[in-house]
Structure formats: C-alpha cells, structure tokens
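Undergrad: Here you go, one structure.
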Amino acid sequence: MIRAVESEPLVSAQVLAAYSYCEAVTAGQARNFAYGIRLLPAPKRRAMSALYAFSRRIDDIGDGALADEVKVTRLEEARALLGRIRAGAVEEDDTDPVAVALAHAARTFPIPLEGLDELIDGVLMDVRGTTYETWEDLKVYCRCVAGAIGRLSLGVFGTEPGARGAERAPEYADTLGLALQLTNILRDIREDAEGGRVYLPADDLAKFGCSAGFRGPTPPEGSDFAGLVHFEVRRARALFAEGYRLLPLLDRRSGACVAAMAGIYRRLLDRIEREPEAVLRGRVSLPGHEKAYVAVRGLSGLDARHVNRRTIRRRV
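Structure below.
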C-alpha cells in the first residue's frame, strides 16, 4: 500500500515562496492540470505544482529552439539536479525555486523521483527524432513521458488504507497516463507534424493510408483519416477504462483530482471522435466553463461512476 503524508510540519517562508513560483508556472502553462489539482488539499497541491514545474522545464528543453547537442547537455544537467534532490543536497536557500520546491515535496511525500529520469529519457527520444513502428514501440515513449507522471503523482496522492487491490495502483496510474498521452498525440497531430515529429505508429498510418503525414488542414489524398482517428480513439478509451480502476483506491479529493484531469481529456477525445479532421485545422480544446463542470463532476464522483458502469456493461 502506498500512503501519502496528509499533514506536514511548518513550512518555511523560503519554501512557500518556491512553491508559489511553481504554482504560478502551473497556472500559466497547464490549464487542464491546474483545474484538477485545485481540488487537492494545499500540501498535495503544492507538491503537484513542484512536479509539474520540473516536468515543464524538461519538456521546454526538448521543445525549444536550441541545437540538439545543447538540448542533450541541458537534459543531462536536469538529470544531475535531480540527483542532487534525491541525495538531499538542495538547501532551502538554493537560488532555483523549482529545485527547492521539489526537494521539499520529495521529503514530504514518497515520490518515486526515478519517474523524472524516465521523463528525461522520453524527451531525449524526441531530441533524437525517434519514430515508432508499432503501438508496443510507442507505449515505451508514452510510459516515459506520461505513465511516469502518473506514478509520480500517485506518490503524492497515496492510496486509501485498506483499499483492496492497492498494490496495482502504480499500474493503473501508468495506464491512465498512457490514455492521456495518446489523447495528446491525437490532438496535436498537425502541430507535431509541422515540427517534424510523428508519434502515431507507422503500421497504423500505413493501415489507413496516412503514411504521407499531416502538414495541412486536410488528410492525405486517398486516406481513411477518420478511420485512423477512430481506431486510436478506441485504443485510448480502453486505456481510460483500465486506468480509471485507480479511482476507488484513492481518497475522495485525490480521486476527484484524477477524475477531473482525466475527464477533461476524455471530453477532448469525444470531440476528436465526433470531428476527426478538426485536429488538422487547429488545436481542439474545451472552454473554461466545461472544464469547471468536469471538475465538479469529478468532485462528486459522477465521472468515475459513469466510466465504471460502461466498463461493467462491456464485460457483461
């Protein structure tokens, strides 16, 4: 059983300032994530912001305009900093607020920091231009950049005492991360293509006549683009159904946080399914009022019960 700490000793002004910086980064750059973590108590919310801010730094290195060899150097510097955090070598007066906040979060909660090493490995795959022949190949990447985040988050959330099946919580958190990442990949097909990146498996692209890629607002000539999208949507839905088994293992507010974040992505998936070619015209997103509605449903447990009923019906 994984058990997160619910309370903490008095936090110093320096650490609180570091957390405030991370929360500002989260609010400014991760609206979907921010909608979910606002449902958490303050210690968990701050810890999640620290995880996000460090992860954002790693992602920004990979997405930036630096030369590839410079990106590799910066990523290894981030790995070295992570090693210092793991070793307890980052003091409260360190000039890097993200490092200060993450170090405090790691002392407060049983966060498996090796997940951030996996994230660095995944971003290195991007820098090196890795492509994926099969879904099994792509899963390796998704586990690095998203499944690992699910497992890191579980270190903050913890599991409910006595929850049956709690030993499988990391597996479910990992699977839910895969579901979110595959949704991201579908949403960002054109943007990634314009940046020279292709994430969908080559064998899936070939199956639906889409190997030519996606650099414009219309699908490749003669392709079954809608068929490709619907195929990947079904795969994502299966991952969501499996990953949602995590929710009963969490306390109410942590479960609400996960349900809210996952619920936003499931609704994005619904929109993509209804109008597949929309992802070639621009980024599909949800308006703020709909995200707020999803957050309320997550807090009430409605989304979790809805998914559980659908899962039960499929099995029957």
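Counting from 5, one number per residue, gives the positions in the sequence shown under our numbering. Glycine included, every Cβ here is placed at the ideal spot set by N, Cα and C.
Could you give the first and the last residue of the continuous alpha helix (DSSP H) run that contains Tyr25?
TA: Along the sequence shown, one-based indexing puts residue 25 at 21. Segment 17–33, the alpha helix (DSSP H) holding Tyr25.
Undergrad: Below 7 Å CB to CB, which residues in the same chain sit around Leu322 once its five sequence neighbours on both sides are set aside?
TA: Past the boundaries of the shown model lies residue 322; the chain is included only from 5 to 320, so the question cannot be answered.
Undergrad: Taking the alpha carbon of Ala34 as the point to measure from, which residue in Ser24, Pro47, Ala17, Ser53 has its own alpha carbon closest?
TA: Within the sequence shown, numbered from 1, the residue matching residue 34 stands at position 30. It is Ser53.
Undergrad: For the alpha helix (DSSP H) that contains Asp141, what are its first and last residues?
TA: If you number the sequence shown from 1, residue 141 lands on position 137. Element bounds for Asp141: 139–146.
Undergrad: Buried or exposed for Thr77, please, with buried defined as at least 16 other CB atoms from any protein chain shown within 10 angstroms of its CB.
TA: As a working mapping, residue 77 is identified with position 73 in the sequence shown. Exposed, because fewer than 16 other Cβ atoms sit within 10 Å of the Cβ of Thr77.
Undergrad: Under DSSP, the alpha helix (DSSP H) around Thr179 begins and ends at which residues?
TA: Here residue 179 is taken as the residue at index 175 of the sequence shown, counted from 1. 173–191 is the span of the alpha helix (DSSP H), which, as asked, contains Thr179.
Undergrad: Assuming Leu180 and Leu250 make a contact with CB atoms under 8 Å, what is their CB distance in whole Å?
TA: Residue mapping note: residue 180 aligns to position 176 of the sequence shown, counting from 1. Residue mapping note: residue 250 aligns to position 246 of the sequence shown, counting from 1. Yes, Leu180 and Leu250 are in contact; Cβ-Cβ is about 6 Å, under 8 Å.
Undergrad: Just the C-alpha distance for Glu195 and Thr187, rounded to the nearest angstrom, thanks.
TA: In the sequence shown, counting from the first residue as 1, residue 195 sits at position 191. In the sequence shown, counting from the first residue as 1, residue 187 sits at position 183. The alpha-carbon atoms of Glu195 and Thr187 are separated by roughly 14 Å.
Undergrad: Using only alpha-carbon positions, find the residue among Ala103, Glu164, Gly66, Ile115 that is nearest to Asp125.
TA: The sequence position of residue 125 within the sequence shown is 121, counting from 1. Of the candidates Ala103, Glu164, Gly66, Ile115, the one whose C-alpha sits nearest the C-alpha of Asp125 is Gly66.
Undergrad: Would you grab the beta carbon distance between His284 and Pro221 for me? Rounded to a whole angstrom, and I think it's under 8 Å.
TA: Sequence index remark: in the sequence shown, residue 284 carries index 280 (1-based). Sequence index remark: in the sequence shown, residue 221 carries index 217 (1-based). For the record, residue 284 in the displayed sequence is Leu; it is not His. Sure, about 5 Å apart at Cβ, within 8 Å.
Undergrad: Taking only beta-carbon atoms, is Glu195 less than 8 Å away from chain C?
TA: Included in the structure is just one protein chain, with no chain C present.
Undergrad: Could you compute how far the alpha carbon of Tyr248 sits from the alpha carbon of Tyr176?
TA: Here residue 248 corresponds to residue number 244 of the sequence shown, with the count starting at 1. Here residue 176 corresponds to residue number 172 of the sequence shown, with the count starting at 1. Straight-line Cα distance between these residues: approximately 7 Å.
Undergrad: To the nearest angstrom, how far is the alpha carbon of Tyr23 from that of Leu204?
TA: In the sequence shown, counting from the first residue as 1, residue 23 sits at position 19. In the sequence shown, counting from the first residue as 1, residue 204 sits at position 200. In a straight line, the C-alpha of Tyr23 is about 36 Å away from that of Leu204.
Undergrad: Below 8 Å between beta carbons: does that hold for Leu182 and Cys146?
TA: Here the question's residue 182 lines up with position 178 in the sequence shown. Here the question's residue 146 lines up with position 142 in the sequence shown. The answer is yes: Cβ separation under 8 Å.
Undergrad: Mapping the DSSP letters down to three states, classify Pro101 as helix, strand or coil.
TA: Within the sequence shown, the letter at position 97 stands for residue 101. In the structure shown, Pro101 sits in a helix (DSSP, three-state: H, G or I).
Undergrad: Quick one: grab the DSSP three-state call for Ile115.
TA: Numbered from its first residue, the sequence shown carries residue 115 at position 111. Ile115: coil per DSSP, three-state reduction.
Undergrad: In three-state terms, what does DSSP make of Thr77?
TA: Looking up residue 77 in the sequence shown gives position 73. Helix at Thr77.
Undergrad: So, at 6 Å on beta carbons, what are the nonlocal neighbours of Tyr269 in its own chain, with the 5 sequence-adjacent residues on each side left out?
TA: As a first step, residue 269 must be located in the sequence shown, where it is residue number 265. These residues qualify, in order along the chain: Leu184, Thr187.
Undergrad: Determine whether the beta carbon atoms of Asp255 and Leu232 lie at a separation below 8 Å.
TA: As a working note, residue 255 is residue 251 in the sequence shown. As a working note, residue 232 is residue 228 in the sequence shown. No. Outside cutoff.
Undergrad: Is DSSP giving Tyr56 helix, strand or coil here?
TA: Taking the sequence shown and counting its residues from 1, the one referred to as residue 56 is at position 52. DSSP places Tyr56 in helix when its eight states are reduced to three.
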